[in-house]
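Before any comments, here is the structure.
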Amino acid sequence: MTGAIPAFCHRLRPMLAAIWLGAIWLGAASVLISAPALARGPEGIADVAEKVIDAVVNISTSQTIEAKGGGAEGRGAMPQLPPGSPFEEFFDDFFKNRRGGPGGKGGDLTPRKTNSLGSGFIVDASGIVVTNNHVIADADEISIIMNDGSKFKAELVGLDKKTDLAVLRFKPTKPLTAVKFGDSDKLRLGEWVVAIGNPFSLGGTVTAGIVSARNRDISSGPYDNYIQTDAAINRGNSGGPLFNLDGEVIGVNTLIISPSGGSIGIGFAVPSKTVAGVVDQLRQFGELRRGWLGVRIQQVTDEIAESLNIKPARGALIAGVEDKGPAKPAGIEPGDVVVNFDGKDIKEPKDLSRVVADTAVGKEVDVVIIRKGQEQTRKVTLGRLDDADKPVAASVKTQEPAEKPVTQKALGLDLATLSKDLRGRFKIKDSVKGVVITSVDDASDAADKNLGPGDVIVEVAQEAVGNVADVKKRVDQLKKDGKKSVLLLVSNADGELRFVALNVQ
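Shown next, in the form of C-alpha cells:
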C-alpha cells in the first residue's frame, strides 16, 4: 500500500495539470470577455437612459434682432471671388438674403429673427422645466420640444444669472415623466454618470463618463462649485441633466472647455444641491433670496496665517464689515477669520460665500471665528443680499493749499501722515484714516503684493496707526520679537479694505 500512493498521484498529475491549465484558460477567456464590457461602462447605463429620456426636453428659442444695414459696416461685405467661381452663386444668395432682398444695397433695416436650441429636463409633471439661463436669455419666444416631437409654448418662471439657471413652465396635454434630484454631495470621483441632451441640434443624445472632479472653481461666477465630467458634452447640451446610475439628476450641464467648440472630455455641471435650492426659490418667489452676512473677505495666505497665529492656514479673513450689515451687531470685526459657519467648516473664502448664500434669510446661525489666536462663537441673524448694482456717488473735491509731506521709509515703502494735500493728490476719501503710501520700492515685497502710492495703512499687526512713527514702532517691535512678517490692514482711496502680510526680516 505504501508504494501505491505515489503511483496513484503520478497518474493524477496529467489530469491535475489539465484541470489547472483549463482554469487558467477559462480565467483568460473571462478576462477577454469582460474587458470589452468594462470598456463600454456598467450595464445600468441603458436602463437609466430608457427610464429618464422622456423627461429630457429640447428647448427652442427665438429672438428678434434689429437690423443694422447690409454694407461692410453692417453685416459684412460680399467677398471678392474670381469670375466663374463655384462659390459665387452661394455667396450671392447668402448676402442678398442678409441684406434684405435683390441688389444687396443694405438699405433694408427690417428686424430679423434668430433661433437657438438647448436642453432642459422636467422636474414636475405639471410642466416645470429646468435649464440654463443662457439658453433662454433675451428670448422673445420659448418652446419645449418633447422626446416624441410634440411642441409646447413655455413661459419663464424665474432665472438666476449668478448660477446660470432658469425655470420654465408649460401646459402639457398628456401625462409627463419627471425626474428627481439626487445628492451631489455624495458623488465620488470616478463614479459613472450619464448626460442626455440636444448636442448640435441632433435631439435626445445619451453619453456616459465619470466624475472627473468636484468643487471646481473656474472663475465664471461668485458661487462656482462645478462637477467636472468626461462624459461628452457639446453645444446644445447646455441645460440638460447629468444623471447618476439611479436615474437621479446630480447636475445641470452648463460649460465646456474646448478650443474647437466640441467635446474634449472637460465638461462642467452645476451640482444638484445648488440647483435644487435655486429651483425651489424661483418656483416660490420668482427670484433668488440669498443670505447676506455683510462682510468683505479674502484668502488666508501662509504669511497671514503666521501673523495671526493660525495653524494650518484656513478659513476666510474678514477684510471689512458693512456698517448696516448683520455681522456688525454680532461683533464680527476686520481681522477675524471665519472657520465655521452654521456647522459647516470653512476652508477658503469661496466656501463662506456659497454657504452664506444658500442659508435662509432671517436664520440665526453660529459663526466660529479666530481672533488673536483664540476661537470665539458669534450668533448672527442673516440679512438678504441685494444683488442690484448700486451707483457710487461722485465726491466733490475742492482745491486745498499744497502741503509738503514729511515722508519716512519702512518695509520698502515711503510713508507719510495723511494731510489735506495728500488726500487731494490721491483722491482719498475723508472717511479713510491712517498712513498713506507715497512710493514703493520696485524690488520690495510690498511691490510683489501690489501695494502702490495712494494706498493707506490703517492697522499694523491689528493695531490702528495714525502717523508714520506708529508704523515704525510696531514694525521694530515685531522684528525684536522675531516675527517673520507683519500684517497690515490697507485701504484704497475709496475705503475698501484688505489685509497684506509683508516680510519684516
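Numbering (the numbering used here), first residue to last: 1 to 505. By construction, the Cβ of each residue, glycine as well, lies at the ideal position given by its N, Cα and C atoms. It should be emphasised that the depicted structure is a prediction, and the values quoted were computed from it without experimental measurement.
Item                                                                                                                                   : Value
Expressed to the nearest angstrom, what Euclidean distance is found between the alpha-carbon atoms of THR301 and VAL356?               : 22 Å
For GLY362, tell me which candidate among VAL52, VAL270, TRP292 and VAL279 has the shortest Cα-Cα distance.                            : TRP292
Look at the alpha carbon of ASN268 and the alpha carbon of ASN253, and state the distance between them as a whole number of angstroms. : The displayed chain sequence assigns Phe, not Asn, to residue 268. Going by the C-alpha atoms only, they are around 6 Å apart.
Quick one, which of VAL486, PRO175, LYS449 and TYR223 has its alpha-carbon nearest THR163's?                                           : TYR223
What does DSSP give as the partner residue(s) for ASN58 in the beta ladder?                                                            : SER119 and ILE145
How far does the alpha helix (DSSP H) with ILE304 in it reach, from first residue to last?                                             : 302-307
Buried or exposed for THR381, going by 16 or more other Cβ atoms inside 10 Å?                                                          : exposed
In whole angstroms, what separates the C-alpha of LEU478 from that of GLN299?                                                          : 23 Å
Could you check whether VAL456 and GLY247 sit closer than 8 Å to each other, using their CB atoms as the reference points?             : no
Answer with buried or exposed for SER323, where buried requires no fewer than 16 other C-beta atoms within 10 angstroms of its C-beta. : Reading the sequence as shown, one finds Asp at residue 323 and not Ser. Per the 10 Å Cβ criterion, exposed.
Hey, out of VAL295, GLY277 and GLY294, whose CA is closest to GLU287's CA?                                                             : GLY277
Report the rounded CA-to-CA distance for LYS483 versus ARG290, giving the unit in angstroms.                                           : 41 Å
Which whole-angstrom value is the C-beta distance of PHE170 and LYS186, which I expect to be below 8 Å?                                : No, PHE170 and LYS186 are not in contact; Cβ-Cβ is about 32 Å, not under 8 Å.
Helix or strand or just coil, what does DSSP make of VAL458?                                                                           : strand
By how many angstroms is the C-alpha of SER60 removed from the C-alpha of ASP450?                                                      : Note on identity: in this sequence residue 450 is Asn, with Asp being the wrong assignment. The straight-line gap from Cα to Cα measures roughly 47 Å.
Once you ignore the five residues that flank ARG314 on each side, which residues in its own chain have a CB closer than 7 Å to its CB? : VAL300, VAL339 and LYS347
With C-beta atoms as the reference, is ILE370 less than 8 Å away from VAL321?                                                          : no
Does DSSP classify GLY434 as helix, strand or coil?                                                                                    : coil
Closest to GLY424 by C-alpha separation, out of GLU463, HIS134 and PRO453, would be which residue?                                     : PRO453
So what's GLU50 in DSSP terms, helix, strand or just coil?                                                                             : helix
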